[in-house]
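Working notes for the structure below.
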Amino acid sequence: MEEMRMYLYFEATAVLYTLTVIAVLLCFAGIFTTVALWRKGKAKSLHHKLSLAAVFKAFITDVIFQVQILKISFVRWLMHFCIFIGFMGLLAQTSLMALISHFSAPDSFLAQSFFHGGGARVLDVWGDLFGVTLLLGLLIALSRRYVFRVQQLETIAKDTTSLVLLTVIGLTGFMSEAFRLMDPQYADVAWYSFAGMLLSQGMQAVGIGDMSYTFWVWVHAGASFIFIAFIPFSKAWHIFVSPIEIVLDASERS
Amino acid sequence: MENENKEMMNESDIQEQPDTVVNDTAPVTSVESDSTVSAPSAESENTAAVAPVEPDTSAQAPAPKLPIEKLSARQMLELDACTRCGECSNWCPAYDQDKRESLTPRGRATQFRDIIGRQHGVFNAGSPLGKLLGRKQVTNQEITDFAKDLYACSTCLQCHYVCPVAIDTVELWERIRECIVDTGFGPLPNQKDLVLKTQNYDNPWGQPRSSRARWTKVAKKKKRINTVPKDISKNKAEVLYFVGCTAAYDTNVEEVGINTVNIFDAAGADFGFLGNKEKCCGSVLLRMGDASTFKRLCRENTEQFNDLGIKTLVTSCAGCLKTIKEDYPKHAKLNFEVKHTLEYVVDLIKAGRLKLTQPLNMKITYHDPCHLGRHAGIFDAPRELISLIPGVELVEMERNRENARCCGAGGGLKSGYPDMQNQIAQKRVADALQTGATELVSACPFCYQGLQVGIQAMDAPIKMRDITELVCMAIGKAPATEEDLQEKD
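Chains as they are written, first to last, in my numbering: chain R, 1 to 254; chain W, 1001 to 1489.
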């Protein structure tokens, strides 16, 4: 009998696949409708020849390192950088897991090393590192918007839903990990998931223990599916669109 | 049809008429657009005439669809690229005066995205899915309100410079204004006069074309200039001095033209001007959304300039410079370089053709015109020129260069919202007063006018000067005396 396909520690069931496909299809449908609207603009988009050097420079400084935000405010840079890097890191981790799970045989070297061997430890550290980074950014964002009520921020539903969904995804990710790590079978490798392990020990110390790992994974996955499906209609859309404008503007002004 | 009519009107040789006649002409735009009448079919010609269906112009009636094809795909993307961080609201001069979210660049982008989504999106208000989602039709009132806020903007470009995503805001607003004008919701009633005058007289002041060069004759008569500049269309010259409408027609700032001519004369520059054949650069039309007339002026001017065989076009007006240097090349090729007078003067000084010898003993502060600084990227040249003038101490305002506060005069704001412009100008004058300078210097006749409004409103102890005036004084040409100024009045 074929070994079960895994998403690292979670069984990649048909339901999970189906929901993933639905979320991704909805996301693509949203992208299609948005791009269709963009394409109704018929005027010339660029007045000068695209400068690849300017595009590359702006991509590094203003998209990856977001120097333009750092010049305005360190706190805002930290917030934005953490959310951006955290989101991208987790997206890459999840995509890698999905690719390995789907395209390589469960007993292949790749699947074995990433889901059972040393690769799994890399994914453990990777997930926690970027998860903590994302949550730190979200903490700053939520504080600025809802606690300190920074004057320049004007909140509409779009702002709230994206922040809330990302926070739910981040927190439930760690919750599920914390409950998983309560299982003695992970004792030897638990500290690779350093943040999850800390949470796990903290929860056990206050008497929260042994809840269903599977339940929390499904909550985590459900929130992620909603987030993915709504990307083109939510604030998260700017993660993909803003970099395009940044590099195009840099090229035009070069 | 409306556009065709406009084109026809512009193309025709309009009779020179006094200012007041222009005000009686038909409005530039009207809500009764071409959607009211469809071309009659062969069948309908043989039947009883059917009265055209008048569009419902009531406030709550569905608005006509905005022609978003006038925007580029990139500009449509820009509406989605806004992260809603609100940095623009910290800097916007209009929002600084009226704290309504709809005045911020973020607010405008959000509102326009919503409007076009409901009109043109896959889930538009008329589609089955749109109805299912409860999306409401865009009403005339919504567009009217949006237009009012859209025109409360001086197109200063500050929002672009502080935007972490670098959205090209001003070009976006200009294109959106074009959509608004085409559907009859803009420009605002008190801006239409300015547009009409430019359409009819090729200058926003509604003055006859034949009096465009009058200032040179008056200045010559008063011995304020040695000679009237030569007509470059008849006598070739290396440099075309493009005077611009404000310096040519507004007697309060004609000093800019007089000073520029005196400087060029002193340096022995090979220059000429177009006299009465000069036309508005079209800046005011482009900023306010009348693209068809702008394109007409751009085409006519470009052809005229290119035929002159000049090496350089020099202008003392920041608005003209931005339009000719930055906007014209988007429509036509120029066979000459474009410089602001101060850049050209720096060249003349470096070449040893102009000597600034007279110490002025002044403490000045310099206001970067938006169209010269943020729009054209000229920040160093004016400071270099000031540093070359003996006896001048430059004290920078806290907000300078890329972050210089706008005077509020541009983009149609002064004509649309004069009170707001006055308040914005006062803020800038207050910035200047804080430096302890006695002179507020700029390099744009429009800023000169705009800031003068603030100085007068505050009765501020600071004198407004154009940078050409300082240069003129430094080469030993006396500035305009009180007598000169009184004579003009």
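Glycine included, each C-beta is placed from N, C-alpha and C at the ideal position.
Could you tell me which whole alpha helix (DSSP H) segments of length 4 or greater appear in the region 1077–1160 of chain W? Fully enclosed alpha helix (DSSP H) runs of 4 or longer: 1087–1091, 1093–1097, 1105–1120, 1128–1132 and 1140–1150.
Could you check if R:VAL247 belongs to the surroundings of the ligand SAM, using beta carbon to heavy atom distance under 7 Å? As far as ligands go, the structure on display features none, and thus does not contain the ligand SAM.
Where W:PRO1093 falls, given that 16 or more other Cβ within 10 Å makes a residue buried: buried
Does any CB atom of chain R fall closer than 8 Å to the CB of W:PRO1556? Residue 1556 of chain W lies beyond the stretch modelled for chain W, which goes from 1001 to 1489, so this question has no answer here.
Is DSSP giving R:VAL35 helix, strand or coil here? helix
Would you list, in sequence order, the uninterrupted alpha helix (DSSP H) runs of no fewer than 4 residues that lie entirely inside the region 1196–1240 of chain W? 1214–1221
Do the region 194–208 of chain R and the region 23–36 of chain R touch if we need at least three Cβ pairs shorter than 8 Å? no
Comparing C-alpha positions only, which one of R:ILE239, R:VAL247, R:LYS44 and R:ALA250 sits nearest to R:GLY86? Scanning R:ILE239, R:VAL247, R:LYS44 and R:ALA250 for the CA closest to the CA of R:GLY86 turns up R:ILE239.
Can you give me the C-alpha to C-alpha distance between R:GLY131 and R:MET88, rounded to a whole angstrom? Rounded to whole angstroms, R:GLY131 and R:MET88 show a C-alpha spacing of 10 Å.
Among W:ARG1209, W:TYR1241 and W:GLY1282, which has the Cα closest to the Cα of W:TYR1249? W:ARG1209
Which residues in the same chain have their Cβ closer than 6 Å to the Cβ of W:HIS1371, if we skip the five residues on either side of it in sequence? ALA1318, GLY1319 and LYS1322
Could you tell me the alpha carbon to alpha carbon distance between W:TYR1151 and W:LYS1099, rounded to whole angstroms? 15 Å
Is the CB-CB distance between R:TRP38 and W:LEU1066 below 8 Å? no
Taking any Cβ of chain R, which residues in the region 1081–1094 of chain W have a Cβ under 9 Å from it, in chain order? ALA1081, CYS1082, THR1083, ARG1084, CYS1085, GLY1086, GLU1087, CYS1088, SER1089 and ASN1090
Quick check on DSSP: helix, strand or coil for R:PRO232? If DSSP states are grouped into helix, strand and coil, R:PRO232 belongs with the helices.
Check whether the Cβ of W:ALA1152 lies closer than 8 Å to any Cβ atom in chain R. no
Let me know the secondary structure DSSP gives R:SER176 once reduced to three states. helix
Can you tell me the Cβ-Cβ gap for R:SER193 and R:ASP128, rounded? I've got them flagged as a contact below 8 Å. 5 Å
Just list the residues that DSSP pairs W:HIS1340 with in beta bridges. W:THR1315
Please report the straight-line C-alpha distance between W:GLY1454 and W:LEU1103, rounded to a whole angstrom. 22 Å
Using CA coordinates, which residue listed in W:LYS1221, W:ALA1404, W:GLU1396 and W:ALA1237 is at the minimum distance from W:GLY1268? W:ALA1237
How is W:LYS1006 classed by DSSP in three states: helix, strand or coil? Low confidence applies to W:LYS1006: its pLDDT is 38, below 50, so where it sits in the model is not reliable enough to give any reading.
Kindly indicate which three-state DSSP category R:SER51 falls into: helix, strand or coil? coil
Using DSSP bridges, identify the partner residues of W:PRO1164. Answer by DSSP bridge pairing: none, since W:PRO1164 is not bridged.
Buried versus exposed call for W:LEU1194 [16 or more other C-beta atoms within 10 Å across all chains shown]: buried
When you compare each of W:GLU1326, W:ASN1400 and W:ARG1353 to W:VAL1429 by their alpha carbons, which one comes out closest? W:ASN1400
Give the range of the alpha helix (DSSP H) segment to which W:TYR1448 is assigned. 1445–1458
Taking all protein chains shown into account, do 16 or more other C-beta atoms lie within 10 angstroms of the C-beta of W:THR1047, making it buried, or fewer, making it exposed? In this prediction, W:THR1047 scores a pLDDT of 40, lower than 50, which makes its location untrustworthy; the coordinate-derived value is nonetheless stated afterwards. Exposed, by the Cβ-count rule.
Once the 5 residues before and after W:ALA1166 are set aside, which same chain residues still bring their CB inside 8 Å of it? HIS1160
Are the C-beta of W:LYS1330 and some C-beta of chain R separated by less than 8 Å? yes
Roughly how many angstroms lie between the CA atoms of W:LEU1313 and W:GLY1377, to the nearest whole one? 17 Å
Under a three-way DSSP split, which group does R:GLY137 fall into? helix
Beta-carbon within less than 6 Å of R:VAL121's beta-carbon, same chain only, minus the 5 sequence neighbours each way: which residues are those? According to the sequence displayed, residue 121 of chain R carries Arg and not Val. Excluding sequence neighbours, R:ARG121 sits near TYR192.
Near R:SER251, what residues of its chain come up, given a Cβ to Cβ distance below 6 Å and the 5 sequence neighbours on each side ignored? LEU50, SER51, ALA54 and VAL55
Tell me which same chain residues have a C-beta within less than 8 Å of the C-beta of W:LYS1070, skipping the five on either side of it? ARG1175, GLU1178, CYS1179, ASP1182 and ALA1291
R:LYS40 CB to nearest chain W CB: under 8 Å? yes
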